[in-house]
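Worksheet: the structure to be examined is printed underneath.
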Amino acid sequence: MASSPAGTGHGCRSPSIHGYAGTKDGAQPRGERSNPAVAAYAGKNHSLRQNSKTDRSGEADGVKITFVHSTLPEDEYRVHIRCNNPASALQASGRHTVHFLPLEEFFHNSPAAVEVCTSADVIILHRYLFENTLAGVARWRARGKKVLVDIDLSVEHLESDHPGFSFWCKGILPLPFKNGSRPVFPPPAEQLKWLFKMVDGILVPTPQLARDCFPHGRVQLLADYLNTNEYLVVPSQKRADSVWLGLNASGQAFSSLKGSGVLEGIEQALNQSGRLNLLFAGADPSAARWLSRLPAERVEVLPVLSAEGLPAALSKVDIGLLPAVGEFDLRQSPLPAVEYMAMKIPWIASNQPPFQGLAEYGHLVGNSPAEWAEAIGWLAENIEAARQRAAGAPYLYALSQDAAENIEKIERAICGFEEAG
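By my numbering, the letter at position 351 of the sequence shown is numbered 342, and the numbering carries on one by one without gaps.
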């Protein structure tokens, strides 16, 4: 999720309209993958199973893909996961050419948009399918381009205190999206259901979201993948004689945290053990009021974490906490657990669908304060054994979730709509 230092990993610093890492010809991105634990895909010939031509050697030609993405700070992490990580794996294969385009450029059909969309075979619009993007979708489909929308959140289940609620459910446009001063009506969450019919396909990261989208269009599952090098190069910042709990509330509604029981569970656990401390990331005012109830010397508060800053923050954590409750959370990705596993950190999560498939690698609890407190206390008492366990099968599983390791799945998801259609 975070960009890796120069010369390591395949993460890109920031999306650019000028193509991946400044290239327009499908050349290798800067910083070839060097992680020996992950198979290197750079330079190998991977074919797109559908929607591809063949050359005289019988191998499939590459595909030119343009990712259209938001530049809003609150979207940066998910843009990194849904655009940067698959794009860098596609480019590193040596088969495909990838470009990035800011959403505002797509709105206005700027010269940069014309350039990278004209050259594309597939245009992937991350999240923002609403009236401001409709003209662009229609324009490029009319010119024979495949246009996909990537929906990685359940807009119809957003809590009122979620950062995206005012846009999706009230139609209040962020400043970069404004077209005059009027709100969008109907709100984008309502528009989305019929605008799905205007694109060639829908990409989603979880089976729960796929089921929601099936009635509205053709759907392909494209899981969230890591760039594992971004995590492996970060040194541990563990602090002696203490155990630090990690709660990353960036992008999560405070009402969800409260409803899961994790906040009361943390309070109970800190009262029961003087070794325990809390690293909290997030900027919700309600969270600040809750944090003021905890001993200040045992709490470290970070702002909303960027993709680049996340691995360094996680490196301070001994036990990761992953609460989930309510319909919105039940459709979220399990990737936060995989991020902890990539850094060999034990974790505790709500016993809910996003994490149930990873039960063998962590600890699942019911959403009650008592269960959270008990699990935290037990894991803290056995932290050395838990760390050893986290360095085994959970770590190896995290390596298997690297984007480059899953290049063929990424290719099949993006091009699966040809076979379906």
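The C-beta atom is built at its ideal place from N, Cα and C for all residues, glycine as well.
Environment of residue i [buried if 16+ CB atoms lie within 10 Å]
i: I257; result: buried
i: P425; result: Look at the range of the chain in this structure, -8 to 412, and you will see that residue 425 is not part of it.
i: Q379; result: exposed
i: A126; result: exposed
i: H90; result: buried
i: H99; result: exposed
i: A287; result: exposed
i: V70; result: buried
i: E96; result: buried
i: K169; result: exposed
i: G135; result: exposed
i: R230; result: exposed
i: V105; result: exposed
Reduced DSSP secondary structure (H/G/I, E/B, other) of residue i
i: N123; result: helix
i: Q263; result: helix
i: G317; result: helix
i: S157; result: helix
i: S79; result: helix
i: D203; result: helix
i: G237; result: strand
i: F168; result: helix
i: A12; result: Bear in mind that a pLDDT of 34 at A12, under 50, signals an unreliable position, so the model cannot answer this.
i: D309; result: coil
i: S246; result: helix
i: K419; result: For residue 419 there is no data in the structure shown, the boundaries of the chain being -8 and 412.
i: P93; result: strand
i: H87; result: coil
i: A274; result: coil
i: Q211; result: strand
i: K335; result: coil
i: N373; result: coil
i: D393; result: strand
CB-CB length for residue i against residue j, believed under 8 Å
i: L164; j: F158; result: 7 Å
i: L296; j: S241; result: 5 Å
i: P327; j: N268; result: Incorrect: roughly 20 Å between the Cβ atoms, too far for contact.
i: K307; j: L248; result: Their Cβ separation, rounded to whole angstroms, is 20 Å, which puts K307 and L248 out of contact at 8 Å.
i: N76; j: Y216; result: 5 Å
i: D203; j: S110; result: Contact flag wrong, Cβ pair sits at about 33 Å.
Beta-carbon contacts of residue i that lie in its chain and below 6 Å, excluding the five residues immediately before and after
i: A244; result: E150, D152, H153
i: H207; result: K184, F187
i: P93; result: T62
i: A377; result: P337, L370
i: D16; result: The pLDDT assigned to D16 is 35, lower than 50, so where the model puts this residue is not dependable, and the model offers no usable value.
i: E291; result: L270
i: Y331; result: G311, W338
i: A389; result: V329, M332, A333
i: L305; result: M334
Nearest candidate by alpha-carbon position, reference residue i, set the options
i: G250; options: A303, F319, L217, I72; result: F319
i: R266; options: Y119, P64, D232; result: D232
i: R86; options: V190, I401, K137; result: I401
i: D112; options: S391, I56, A364; result: I56
i: I310; options: N373, R322, P294; result: N373
i: A333; options: S246, A381, H148, G53; result: A381
i: A263; options: R280, V234, A272; result: Reading off the sequence, residue 263 comes out as Gln, not Ala. Checking every option, the nearest Cα to that of Q263 belongs to V234.
i: E299; options: E351, A83, E221, V253; result: E221
i: V59; options: A274, V140, C160; result: V140
i: L166; options: P102, E65, E147; result: E65
i: G348; options: E375, K335, P385; result: P385
i: K335; options: Q82, G383, G273; result: G383
Sequence-distant residues of the same chain with beta carbon closer than 7 Å to residue i, five excluded per side
i: E255; result: P360
i: A260; result: L267, A364, I367, G368
i: A201; result: V195, V210, L212
i: V138; result: I114, L116, V128, W131, R132, V190, D191
i: N342; result: L355, V356, G357
i: G162; result: P174, V175, F176, P178, P179
i: Q199; result: L321, R322, P344
8 Å Cβ shell around residue i - same chain, five flanking residues per side excluded
i: S283; result: none
i: F121; result: V175, P179, Q182, L183, L186
i: F346; result: L313, A315, P325, A328, A340, G353, L355
i: A394; result: H1, N76, P77, S79, A80, Y216, L217, N218, I401
i: A278; result: A240, F245, L248, F271
Closer than 7 Å: residue i CB and nearest the ligand ATP heavy atom
i: L200; result: Although the ligand ATP was asked about, the structure shown includes no ligands whatsoever.
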